[in-house]
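Engineer: If you're matching positions, the sequence shown starts at 677 in the working numbering and goes up one per residue.
Backbone N, C-alpha and C define an ideal beta-carbon position, used for all residues, glycine too.
Questions regarding the structure given below will be posed in turn.
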Amino acid sequence: MRTLHFLFAEEYRPLNHGSFGAVPREVLEYQRQLQAETEARTDTFMRYTYLQLLKDSRAAIAPLLGADPDEVVYLPNATTGINTVLRNLPFTEGDVIVHFSTIYGACKKTIQSISETSLVSIHQVDITYQIEDADIVSRFVSAVEHLKTEGKRPKLAMFETVLTFPGVRFPWEALVSTCKERGILSFIDGAHGVGHIDLTHLGDVGPDFMVSNCYKWLMVPRGCAVLYVPFRNQKLISTTMPTSWGYETPEERAKIGPQTYFSRLFDKVSTTDNTPYCCIRVALKFRSEVCGGEASIRDYCEDIARRGGARMAEILGTDVLGRPSSSFQRCCFSNVRLPLTLAQLDVDASFGKKIAKWMQELMPAEYKTYLPIKFYGGQFWCRVSGQIYLTVEDFEWAARTLLKLCDRARSGEWRV
677 MRTLHFLFAE EYRPLNHGSF GAVPREVLEY QRQLQAETEA RTDTFMRYTY LQLLKDSRAA
737 IAPLLGADPD EVVYLPNATT GINTVLRNLP FTEGDVIVHF STIYGACKKT IQSISETSLV
797 SIHQVDITYQ IEDADIVSRF VSAVEHLKTE GKRPKLAMFE TVLTFPGVRF PWEALVSTCK
857 ERGILSFIDG AHGVGHIDLT HLGDVGPDFM VSNCYKWLMV PRGCAVLYVP FRNQKLISTT
917 MPTSWGYETP EERAKIGPQT YFSRLFDKVS TTDNTPYCCI RVALKFRSEV CGGEASIRDY
977 CEDIARRGGA RMAEILGTDV LGRPSSSFQR CCFSNVRLPL TLAQLDVDAS FGKKIAKWMQ
1037 ELMPAEYKTY LPIKFYGGQF WCRVSGQIYL TVEDFEWAAR TLLKLCDRAR SGEWRV
């Protein structure tokens, strides 16, 4: 599978699919055909052919989200989607954006930036794994009630489908329901969403907004993300980021209607290579015909992540984050603790981040791979991705490599 359908270098071990994804040869070949067509008949493709392909792509991805094709549009990445929604919403004195301490860094910086130029404030709900889903929801409810006692208005809550680190499934369905009960807008960062976990019930769950990268887990070229805005909220989105030809004044928008305006707004946002948006159908065809379909892919990726992570922990003499029955393990990541402690290193916790970064940066240069390593909850952890081109042997190799890195860290090599 890896050699036949993907373009990895022979000596490279692709253990970090979750960061940037991987594109099958067949999908890349199709993208190159589209790029060649763009050069061959530039105006024809950019003005006419592209718009039909874009419409087809929206229709292709909508069933994966349980959505109507007119509720989804494409963007370069999830961060653009986060900015698009948040910078369209009006905030007034007393409004609060609530998020968890596990928020992705770019999303947190976006919220901080918005708080500089608007009246909104920010409230963080602190959590550390291991923690059960019910406790997460309970802490969220407590935070919301506390804010209300202070006379503040929790206007919007941001949370993930699957966290970046640690790589665990988040209780997004329960949180959406909780937001509905309390009149709070729910915005899901589904960077690790479509192609990773089943989202066919998304429309039924009914978040107010959701953005999901397609290039990470759906095997679409970078960059490509899908933004879901249900019909009821499309009137809230008046412009793209950056504002472009689709924008109309409030008077003109009233004539067009929110549903038509929303889809037209995102048809063309500045001149760039949008061919990744047009590769959805081909990627889904590959996943269906070569990989057995979405459910089979999810089953394999979850299973190999579980078995591979357990085998790594066995070799390392440590453990994985969570019990096999833990709901947060139902994803394509495994988080494995490293056999490395602050006591062994003779340092305090303030050095944890530096040491983890040193280990992380050694891997591409000296071991021809990459694994996210973080100092989290007072211990060193690595996140490994499950994917169809991996076998347990890849995880065993990863564990042996991590043993070498831990030995080098104990020797003090990181101090140099």
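What whole-angstrom Cβ distance do Val905 and Phe938 have, given they're in contact under 8 angstroms?
Structural biologist: 7 angstroms
Engineer: Under 6 angstroms Cβ to Cβ from Ala1075, same chain only, skipping five residues before and after it: list those, please.
Structural biologist: When the five nearest sequence neighbours on each side are left out, the beta carbons in the same chain lying within less than 6 angstroms of the beta carbon of Ala1075 are those of Met988, Ile991 and Leu992, in order along the chain.
Engineer: Thr994 to Arg1013, Cα distance in whole Å?
Structural biologist: 6 angstroms
Engineer: Please look up how many angstroms separate the CB atoms of Cys900 and Tyr750, rounded, as I've assumed it's under 8 angstroms.
Structural biologist: 6 angstroms
Engineer: Tell me Ser791's beta-bridge partners as DSSP assigns them.
Structural biologist: Partner(s): none; Ser791 has no beta bridge.
Engineer: Under the DSSP definition of a beta bridge, which residues are partnered with Met834?
Structural biologist: His775 and Phe863
Engineer: Per DSSP, which residues does His799 bridge with? Please list them.
Structural biologist: Val774
Engineer: Does the region 704-721 come into contact with the region 731-741, if we say contact requires no fewer than three beta-carbon pairs (one atom in each stretch) closer than 8 angstroms?
Structural biologist: no
Engineer: Could you give the uninterrupted runs of the alpha helix (DSSP H) lying entirely in the region 921-989, keeping only those of 4 residues or more?
Structural biologist: The region 921-989 contains these whole alpha helix (DSSP H) runs: 926-932, 934-941 and 956-965.
Engineer: Answer yes if the region 756-769 comes into contact with the region 906-921, meaning at least three C-beta pairs across the two stretches below 8 angstroms, and no otherwise.
Structural biologist: yes
Engineer: Using a Cβ-Cβ cut-off of 6 angstroms (strictly less than) and excluding sequence neighbours within five positions of Tyr976, which residues of its own chain qualify?
Structural biologist: Ile1064
Engineer: On the CB-based measure, 16 or more other CB atoms within 10 Å of its CB, does Ala743 come out buried or exposed?
Structural biologist: buried
Engineer: Grab me the residues of Leu839's own chain with a C-beta within less than 7 angstroms of its C-beta, minus the 5 sequence neighbours each way, in chain order.
Structural biologist: Thr778 and Phe846
Engineer: Measure the Cβ-Cβ separation of Leu851 and Phe816 and say whether it is below 8 angstroms.
Structural biologist: For the 8 angstroms CB-CB criterion, Leu851 and Phe816 form a contact.
Engineer: Straight-line CA distance for Leu710 to Thr951?
Structural biologist: 7 angstroms
Engineer: Less than 8 angstroms between the C-beta atoms of Ala981 and Val1068, yes or no?
Structural biologist: no
Engineer: Is it buried or exposed for Arg1116, if we count other Cβ within 10 angstroms and need 16 for buried?
Structural biologist: Residue 1116 lies beyond the stretch modelled for the chain, which goes from 677 to 1092, so this question has no answer here.
Engineer: In whole angstroms, what separates the C-alpha of Ala959 from that of Asp1022?
Structural biologist: When rounded, the separation of the alpha-carbon atoms in Ala959 and Asp1022 is 49 angstroms.
Engineer: I need the straight-line Cα distance from Phe721 to Asp949, nearest angstrom please.
Structural biologist: 12 angstroms
Engineer: Output the distance between the C-alpha atoms of Pro1040 and Pro1048, rounded to the nearest integer angstrom.
Structural biologist: 11 angstroms
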